[in-house]
Amino acid sequence: MDQNEKSGMSYIFIYTTFPTKKSAKKITKKLIKRREIVCANIRKHTAVYVYGGKNYDEKEFGCIFKTREDKWTAVQSFVLKKHPYETPVLMKVQIDDSNAGFWNWIDENLD
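Numbering-wise, UniProt numbering puts 71 at position 71 of the sequence shown, and it's gapless, one number per residue.
As structure tokens, this is what we get:
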């Protein structure tokens, strides 16, 4: 039985992307201040995609938020209201297992 099962809590990553590092950091800092996430990993990458019938090849910033399942609705709502993209990707990824210290760190830093 992993720590996740023992504590009764469910932990998640939330993945989204932003057009600029500035926009990614702005939303990340607000989510941390609101105690809805504990961390975000922000990385620059190239996105090749289709939108509105057009093909795109652009730089953007991928963001992985670390949090608990019980914060998903609040994070989702906040990001969808504040995100600069009309239709941002916002995916919840369940964490199946990790070390106890990781779970504890999340719990100590969220409301």
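We put the beta carbon where it would ideally sit given N, CA and C, even for glycine. Computed from a predicted model, the values in this text were never measured in an experiment.
Going by DSSP, K66 is part of the beta strand (DSSP E) stretching over 54–68.
Annotated three-state conformation of V89 is coil, per DSSP. Between W72 and K92, the beta carbon gap of about 6 Å places them in contact (Cβ cut-off 8 Å). Counting along the chain, the unbroken beta strand (DSSP E) around I14 starts and ends at 11–18.
By the beta-carbon neighbour count (other beta carbons within 10 angstroms, threshold 16), L80 is exposed. In this structure, R68 keeps its C-beta atom at 8 Å or more from the C-beta atom of I27. DSSP places K44 inside the beta strand (DSSP E), whose first and last residues are 39–51. Within the same chain, T17, R43, H45 come within 6 Å of G62 by CB-CB distance, once the 5 residues on both sides are set aside. Contact check for F65 against V50 fails: the beta carbons are separated by 8 Å or more. Going by C-alpha positions, E108 is about 11 Å away from I37.
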